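Structure first, then comments.
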Amino acid sequence: MKQRRSPLSMRIAALLALAFILTACGSPAATVPTPASAQPEASGSSPTVAAAPTRVFKPVWYAPAPHPYFEEVRKGVAAFEADTGIKVEQQIGPDWTQGSQNQRMEALAAQGFNAFAVYPADASGANGLYEELTAAGAHIINFGTSTAQPTTASFAVATDVKAAAMRATEELIKAMGGKGNIINVLEVLEDPNTALRKQGIEEVVARYPDVTIIQEVAGMTSVETAVQKISDALSANIDRVDGIIATGYTPSVAIAQVLTEYRSRGGQRQIHAVGIDTDEAVMKAIADGVMDGTIVQNPFGHGYLSLLLLKYLSEGYKPKADAYFVNAGFIFVTKENLDTYQQEILKVTEQIKSEMLDKYLER
Amino acid sequence: MTNSRADSDMQRRGALNGVSTRMLNIFRRSDASVVLAVVILFALFSLSNPSFLTPFNLFNISRTAALFVFIALGQAIVIVAGGMNLSLGAIGGLTVVVAGWCMDTMGWSPWISVSLALLTGVLCGMFNGSIIVKSGLNSFVVTLASLFIFTGLIQGISQGFPYSNIPREFTVLGRGDFMGMPYLLLLALIVLAIMGYVFKFRVVGRCLLATGGNLEAARLSGIRTDHMIFLSHTLSGLFAATAGLLWVSRMGSAQPSTGSDWLIISFAVAIIGGTALNGGAFSATGILASALLLTLIRNGLIMLNVNVYFEQTFLGIIVLLAVSIESIRLALSNRALRPSPPAS
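Protein chains in written order, with the numbering used here: chain W, 1 to 363; chain Y, 364 to 707.
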């Protein structure tokens with residue numbers, strides 16, 4: 001059977017067209033910041049000696065992969081740009097691997113960027129990259145989470161995850177009337193924050209003799225998996241569960257969906273639930289009375305405060321001794337403050353801004 | 364009188380022999396071991412936790428298994444024809460995003476949105492199929508590249524945001540039931556029955572199997588193997604899109620992360636279910652049993668409240684034990700087929 005083949009010229013033309021499309025899709029050259037060392041030299045200077053790079057503040061905000069959380073953080077970055085008039089290079093990587101992050105941040109450093117607000121893809125792996133960048137004179141601040149200690153990052157602007165988990169547990173137990181059985185839904189076990197959250201929850205539960213954690217579920221990389229696992233855990237304990245707690249975004253969304261469905265299918269048992277973050281499904285579940293509340297972090301502050309710290313560092317300020325972790329705060333949102341919580345969390349950012357020079361920095 | 368007793372004894376013995384032969388024939392089927400594993404696990408979990416047999420749990424298990432069936436069909440249809448589809452999850456994810464964008468952002472009706480989403484899946488499959496056929500490149504390489512393309516499109520369109528405003532009527536299929544049996548399971552059973560019929564009795568099914576079994580022989584037999592490969596990828600896209608839409612229907616929102624963990628599921632369910640990795644074999648019963656097997660194991664581990672840090676280890680061990688029944692089946696089957704030694 002004779003196969004029809006397209007001529008070679010057609011194939012080459014197709015490849016050229018693809019290359020053209022890819023080139024056209026790339027960022028226009030004009031928007032790529034020119035490295036200081038590549039600036040045209042002033043007339044009269046020696047052409048063989050490179051001019052010393054001018055120390056200008058060239059900040060980057062970097063997130064490993066698209067995620068709703070980062071879009072919230074970017075609002076803080078945009079506000080920083082508006083307040084200071086400083087352009088921030090905003091980059092979102094393709095995946096959650098440290099390898100991708102290294103490649104892209106090294107490329108940015110090669111372009112002359114010297115201040116990085118970064119969400120580390122890997123809490124330990126990022127430190128190697130940071131060491132190289134800080135050795136080259138860059139300042140680095142972790143936002144959203146911290147890297148493992150010791151680190152060359154100057155600060156971490158993030159939620160105190162253990163404190164947030166403890167507050168969430170207290171609120172859940174209060175909703176349960178101080179007694180009952182809890183399912184603890186952890187998110188990703190590889191995340192060091194998960195261990196801190198677990199610890200926080202267990203410490204609070206230990207204070208209440210009539211409260212028991214009857215089951216833990218974990219390993220939820222997607223909402224699909226989380227929905228399956230939470231449904232399974234609920235099925236296993238349907239006759240004795242009184243509360244569910246989630247300290248990660250993915251399981252919180254899944255809890256909202258599973259409990260909404262449980263109610264709509266005529267489920268009679270009163271199951272209290274507390275989650276984290278402000279996904280629409282969670283907020284709707286709170287408004288509908290399916291969930292009791294959620295911990296709202298301060299992503300706006302994570303963006304704004306980390307860039308403000310970078311700006312101060314570029315002006316010659318140094319971190320105070322032992323001043324590494326900047327608690328960006330959190331609030332607990334219930335049906336009562338569902339409409340006002342955004343103003344409340346903005347106040348937290350303003351408070352931290354006002355005390356930043358005294359509390360965290362020195363000349 | 365004596366004769367009639369002897370006759371009845373012979374008849375009884377004959378009937379028993381018939382039953383045992385039929386049982387043996389059933390056990391000789393390639394999907395028998397996975398069905399047996401499901402039965403054993405079902406019994407074990409039922410005995411170990413009374414909550415296992417609650418309608419709520421059985422409803423959830425059957426829904427998840429039904430979704431696994433569609434994911435596995437998307438992979439199996441390509442494996443059968445001698446290829447593989449690494450971009451299956453990304454096609455599902457892109458479908459979900461397109462459906463979510465149509466319903467939430469654009470406010471279009473579910474009918475239009477579903478049609479466009481299914482079309483997206485089919486086009487993605489056709490894209491894979493046409494490149495594989497036209498370029499002669501391996502399906503592994505092509506679908507690996509398209510995995511990145513589709514993942515980029517998912518992230519670019521959604522920017523990571525879920526689409527939450529999904530019309531309530533769209534969730535009926537994913538959440539509703541007919542006399543206690545989820546619609547999802549009914550749909551999966553119907554589709555499996557059709558697939559089983561097509562592969563057993565229709566020319567196109569036999570041509571797909573022949574293409575996967577021996578490409579050159581199939582080509583020399585007059586089968587248009589390029590068409591079969593193209594068709595398998597197109598159907599793979601369609602199944603991925605269907606699975607994605609059913610997930611949206613079940614969850615009531617369109618999550619861009621949908622499909623990110625389908626790759627392992629798709630291969631595991633298809634292969635454990637009797638789809639030969641080197642093509643040419645398909646079992647609808649096996650895929651259903653295999654989907655149930657994986658769902659049961661995951662559900663059972665939570666029912667048994669195993670330590671979350673070792674959950675993956677337990678999962679692996681149980682899967683290994685379950686599939687090792689296959690080696691027992693093969694051994695028994697071979698012993699039964701071995702010719703008896705000649706009488707001295």
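Think of the CB as a built atom: it goes at the ideal place given N, C-alpha and C, for glycine as much as any other residue. Nothing here was measured: the structure is a model prediction, and the numbers come from that model.
Buried versus exposed call for residue i [16 or more other C-beta atoms within 10 Å across all chains shown]
| i | result |
| --- | --- |
| Y/W610 | buried |
| W/T31 | The predicted model places W/T31 with a pLDDT of 34, which falls under 50 and marks its position as unreliable, so this point remains unresolved. |
| W/P47 | No answer about W/P47 holds up, because its pLDDT of 35 lies below 50 and its placement is not dependable. |
| W/K179 | exposed |
| W/K229 | buried |
| Y/R531 | exposed |
| Y/I627 | exposed |
| W/E371 | Absent from the model: residue 371 of chain W. The displayed extent of chain W is 1 to 363, so no value can be given. |
| Y/L472 | Looking at the sequence itself, residue 472 of chain Y is Ser, so the reference to Leu does not match. That one is exposed. |
| W/T83 | The question names Thr, yet the displayed sequence has Asp at residue 83 of chain W. It is exposed - the Cβ of W/D83 has fewer than 16 other Cβ atoms within 10 Å. |
| Y/R692 | buried |
| W/Y69 | buried |
| W/Y130 | buried |
| Y/T458 | buried |
| W/E190 | exposed |
| W/R197 | buried |
| W/E216 | buried |
| Y/L657 | buried |
| Y/I557 | exposed |
| Y/S687 | exposed |
| Y/M469 | exposed |
| Y/R538 | buried |
| Y/L416 | exposed |
| W/Y360 | buried |
| Y/T676 | exposed |
| W/T54 | Residue confidence for W/T54 is low, a pLDDT of 47 falling below 50, so the modelled location carries little weight; the figure read from the coordinates is stated next. With fewer than 16 Cβ atoms within 10 Å of its Cβ, W/T54 is classed as exposed. |
| W/P150 | exposed |
| Y/F533 | buried |
| W/V333 | buried |
| W/P209 | exposed |
C-alpha distance - residue i paired with residue j, whole-angstrom precision
| i | j | result |
| --- | --- | --- |
| Y/P525 | W/S235 | 26 Å |
| W/A138 | W/P319 | 14 Å |
| W/G301 | W/K311 | 15 Å |
| Y/A406 | Y/L695 | 23 Å |
| Y/E579 | W/D95 | 40 Å |
| Y/L436 | Y/I650 | 8 Å |
| Y/S629 | W/R363 | 58 Å |
| Y/V460 | W/S222 | 15 Å |
| Y/F503 | W/D277 | 39 Å |
| Y/V535 | Y/S612 | 7 Å |
| W/R5 | Y/A644 | In this prediction, W/R5 scores a pLDDT of 49, lower than 50, which makes its location untrustworthy; the coordinate-derived value is nonetheless stated afterwards. Approximately 30 Å between the Cα atoms of the pair. |
| W/P192 | W/G248 | 12 Å |
| W/K347 | W/V282 | 23 Å |
| W/I331 | Y/E689 | 55 Å |
| Y/T621 | W/V274 | 24 Å |
| W/A52 | W/G112 | Residue placement at W/A52 is poorly supported in this model, since its pLDDT is 38, which falls under 50; the coordinates are not used for a value here. |
| W/P59 | W/V118 | 11 Å |
| Y/A647 | Y/A654 | 11 Å |
| W/I213 | W/S146 | 28 Å |
Residues that residue i bridges to, as DSSP identifies them
| i | result |
| --- | --- |
| W/L361 | W/P319 |
| W/Q215 | W/I183 |
| W/D191 | Its beta-bridge partners do not exist; DSSP assigns none. |
| W/G293 | W/V274 |
| W/W61 | W/Q90 and W/A117 |
| W/I141 | W/A117 and W/F155 |
| Y/I434 | DSSP, once it has assigned bridges, lists no residue as partnering Y/I434. |
heavy atom of the ligand FAD below 6 Å from residue i C-beta
| i | result |
| --- | --- |
| W/A323 | You won't find the ligand FAD in this model; it holds no ligand whatsoever. |
Give, in chain order, every unbroken run of the alpha helix (DSSP H) that is at least 4 residues long and sits entirely within the region 77-139 of chain W.
98-110 and 126-135
If we require 4 or more residues per run, which alpha helix (DSSP H) segments fall completely within the region 443-506 of chain Y?
Within the region 443-506 of chain Y, the complete alpha helix (DSSP H) segments at least 4 residues long are 451-463 and 473-498, listed from N- to C-terminus.
Below 8 Å, can you find three or more Cβ-Cβ pairs linking the region 198-210 of chain W to the region 160-169 of chain W?
yes
Ranges of the beta strand (DSSP E) found wholly within the region 242-281 of chain W, counting only runs of at least 3
243-246 and 272-276
Indicate whether the contact test is met: 3 or more Cβ pairs, each with one atom in the region 577-586 of chain Y and one in the region 649-668 of chain Y, closer than 8 Å.
no
Taking contact to mean at least 3 C-beta pairs separated by less than 8 Å, is the region 431-451 of chain Y in contact with the region 241-260 of chain W?
no
Is the region 153-164 of chain W touching the region 318-336 of chain W, taking contact as three or more C-beta pairs under 8 Å?
Look at the beta carbons and you see the region 153-164 of chain W touching the region 318-336 of chain W: at least three pairs across the two are nearer than 8 Å.
Per the contact definition of three or more C-beta pairs closer than 8 Å, is the region 120-130 of chain W in contact with the region 84-103 of chain W?
Yes: at least three Cβ pairs fall under 8 Å.
Using 8 Å as the Cβ pair cut-off and three pairs as the minimum, do the region 418-433 of chain Y and the region 488-499 of chain Y touch?
Too few Cβ pairs lie closer than 8 Å, so no.
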